[in-house]
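> Heads up, the sequence shown is in numbering that gives the first Met the number 0, so the first residue is 0 and it goes up one at a time.
Cβ coordinates follow ideal geometry from the N, Cα and C atoms, glycine included.
All figures in this text were calculated on a predicted structure; none of them were measured in a lab.
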Amino acid sequence: MLGRFLEISLHAPDIQASLEFYESLGFMQASVSETWPYPYAVVTDGRLFIGLHGGFIRSPALTFVLPRLARSLEPLRAAGISFDQERLGNDVFNQAAFEDPSGLCIHLIEARTFSPPDPAALAASECGYFTEFGVPVRDASAARAFWEPLGFVAMDEEPLPFPRTPVTSDLLNLGLYRTRALRQPVLSFEDPDMREKLARLRERGFTLLDEMPDSLDDATNAILEAPEGTRLLLMQSEF
C-alpha cells in the first residue's frame, strides 16, 4: 500500500560533513535528480539508502515512491491513515506524509529522486551488514498493528539481546525496540567480526558511544553518531 521503499530521509544541516562521514565508512554516492530546491545527496552500501537533505524536512522519515499518488492515497485513507501533510496538483511534485504510533514520519512521493549506483561498484561498509531501521516503542503490539496492514510482516518478539519485534518487508526491515536505553531511531548493523571493526574505527579516530542497552557488551557493540545526529548501532552477530 505504501509503494516501493526509496530511502531513509535525514535532515543534514552540514551536508558535506555528513557526506564525508558516510563515504569514510565505505558508502557510495548515488546520482540524484534536481527534484528538491536545496542540496541533496544519497549514499548507499547496496542495502541501505540514506537521503541527506540540506533543507529542513521531518527527520528521520521513511520515504516510499507511490506512483499516481493523488489517486493512490484513497486506499490508505480507507484503511484509517490520516495524512498530516499533502502537496498534490498537476504543477507540483506530489507528496504526502503521516506518522506511525511512535511519531516516525512516513513520506510518500510520486517518483524516484535518485538512481542507484552499479551494484558491482559497491563494497561492504565498515559498519557491517545493515539489518534494520530500529524504532524505539513503548507498545510493540500497537506498532505492529499499525505496520501489518501496510504490507509489513511482524514476527514474534525476540527477548535477546534486548526486547525487539522484527517487522519485515521486501526492501526494508524495521525493528520495534522495547528498551529505554535507545531513545531515538537507529540504523542497525551486525557483523561476526564487530570487535575488530570497532578497533579499526577507534584507530581511525571515530568516537564510539556506549549509550545502548546494558545487555550489549561495549567491547563488541557500540553506537556511532553521524554529523547530522543519526545514530548507527553496531552489534556483534553470531554468524
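Taking the straight line between their C-alpha atoms, what separation do you get for residue 23 and residue 206?
The residue labelled residue 23 in the question sits at position 24 within the sequence shown. The residue labelled residue 206 in the question sits at position 207 within the sequence shown. Roughly 14 Å separates the two Cα atoms.
> By how many angstroms is the C-alpha of residue 192 removed from the C-alpha of residue 60?
Within the sequence shown, residue 60 is the residue found at index 61, counting from 1. Within the sequence shown, residue 192 is the residue found at index 193, counting from 1. Answer to the nearest angstrom: the Cα atoms are 30 Å apart.
> Is the CB-CB distance between residue 170 and residue 132 below 8 Å?
In the sequence shown, residue 170 corresponds to position 171, counting from 1. In the sequence shown, residue 132 corresponds to position 133, counting from 1. Contact: no.
> Closest to residue 4 by C-alpha separation, out of 13, 46, 32, 142, would be which residue?
Residue 4 sits at position 5 when you count from the first residue of the sequence shown. Looking at the Cα atoms, 46 is the closest of the given residues.
> Which residues in the same chain have their Cβ closer than 6 Å to the Cβ of residue 227, if we skip the five residues on either side of it in sequence?
Your numbering for residue 227 matches position 228 in the sequence shown. If we look at residue 227 and ignore the five residues flanking it on each side, its Cβ neighbours are 9, 11, 17.
> Under the assumption that residue 50 contacts residue 7 (Cβ atoms under 8 Å), give the Cβ distance between them as a whole number of angstroms.
Against the sequence shown, residue 50 aligns to sequence position 51. Against the sequence shown, residue 7 aligns to sequence position 8. At roughly 7 Å, the Cβ-Cβ gap stays under 8 Å, so residue 50 and residue 7 are in contact.
> Express the C-alpha separation of residue 128 and residue 122 in angstroms, rounding to a whole number.
Within the sequence shown, numbered from 1, the residue matching residue 122 stands at position 123. Within the sequence shown, numbered from 1, the residue matching residue 128 stands at position 129. Looking at the two C-alpha atoms, the distance is approximately 11 Å.
> Please identify the residue among 136, 82, 71, 92 whose C-alpha is closest to the C-alpha of residue 184.
Taking the sequence shown and counting its residues from 1, one reaches residue 184 at position 185. For residue 184, the nearest C-alpha among the options comes from 136.
> At the level of alpha carbons, what is the spacing between residue 100 and residue 20?
Against the sequence shown, residue 100 aligns to sequence position 101. Against the sequence shown, residue 20 aligns to sequence position 21. If I take the Cα positions, the gap works out to 31 Å.
> On the DSSP letters alone, give me the boundaries of the beta strand (DSSP E) that residue 96 sits inside.
Here residue 96 refers to the residue found at position 97 when the sequence shown is read from its first residue. Where residue 96 is concerned, the enclosing beta strand (DSSP E) stretches over 94-98.
> Return the residue from the list 44, 38, 147, 65 that minimises the CA-CA distance to residue 52.
Here residue 52 refers to the residue found at position 53 when the sequence shown is read from its first residue. It is 38.
> Any idea what DSSP makes of residue 200, helix, strand or coil?
Residue numbering aside, residue 200 sits at position 201 when the sequence shown is read from its first letter. If DSSP states are grouped into helix, strand and coil, residue 200 belongs with the helices.
> Check this for me: beta carbons of residue 176 and residue 161, under 8 Å apart or not?
Numbered from 1 along the sequence shown, position 177 holds the residue referred to as residue 176. Numbered from 1 along the sequence shown, position 162 holds the residue referred to as residue 161. Yes, they are a contact pair.
> In the DSSP output, what is residue 164 paired with across the bridge?
One-based indexing of the sequence shown puts residue 164 at position 165. Bridge partners of residue 164: 175.
> Does the pairing of the region 84-102 with the region 139-150 give three or more beta-carbon distances under 8 Å?
The region 84-102 vs the region 139-150: in contact.
> Identify whether residue 15 lies in helix, strand or coil by the three-state DSSP scheme.
For this step, residue 15 is matched to residue 16 along the sequence shown. DSSP places residue 15 in helix when its eight states are reduced to three.
> Excluding five sequence neighbours on each side, which residues of the same chain lie with their C-beta closer than 7 Å to the C-beta of residue 149?
On the sequence shown, residue 149 is found 150 positions in, with the first residue counted as 1. Within the same chain, residue 149 has close Cβ partners 0, 1.
> Enumerate, from N- to C-terminal direction, the unbroken beta strand (DSSP E) stretches of 3 or more residues contained entirely within the region 13-87.
As far as the region 13-87 is concerned, its whole beta strand (DSSP E) runs of at least 3 residues are 39-43, 48-52, 60-64, 84-86.
> Residue 114 by DSSP, collapsed to three states: which one?
Your numbering for residue 114 matches position 115 in the sequence shown. Reduced to three states, the DSSP call for residue 114 is strand.
> Using the C-alpha atoms, what's the distance from residue 86 back to residue 96?
Residue 96 sits at position 97 when you count from the first residue of the sequence shown. Residue 86 sits at position 87 when you count from the first residue of the sequence shown. Cα-Cα distance, rounded: 9 Å.
> Any chance the region 28-43 sits against the region 104-117, with 3 or more Cβ pairs inside 8 Å?
Counting Cβ pairs under 8 Å, three or more are found: they touch.
> List the residues that DSSP assigns as beta-bridge partners of residue 235.
The sequence position of residue 235 within the sequence shown is 236, counting from 1. Residue 235 pairs with 190.
> Which partner residues does residue 135 have in the DSSP bridge list?
Your numbering for residue 135 matches position 136 in the sequence shown. According to DSSP, which records beta bridges pairwise, residue 135 is partnered with 176.
> Where residue 109 and residue 89 are concerned, what is the direct C-alpha to C-alpha distance, given to the nearest angstrom?
Numbered from 1 along the sequence shown, position 110 holds the residue referred to as residue 109. Numbered from 1 along the sequence shown, position 90 holds the residue referred to as residue 89. Straight-line Cα distance between these residues: approximately 12 Å.
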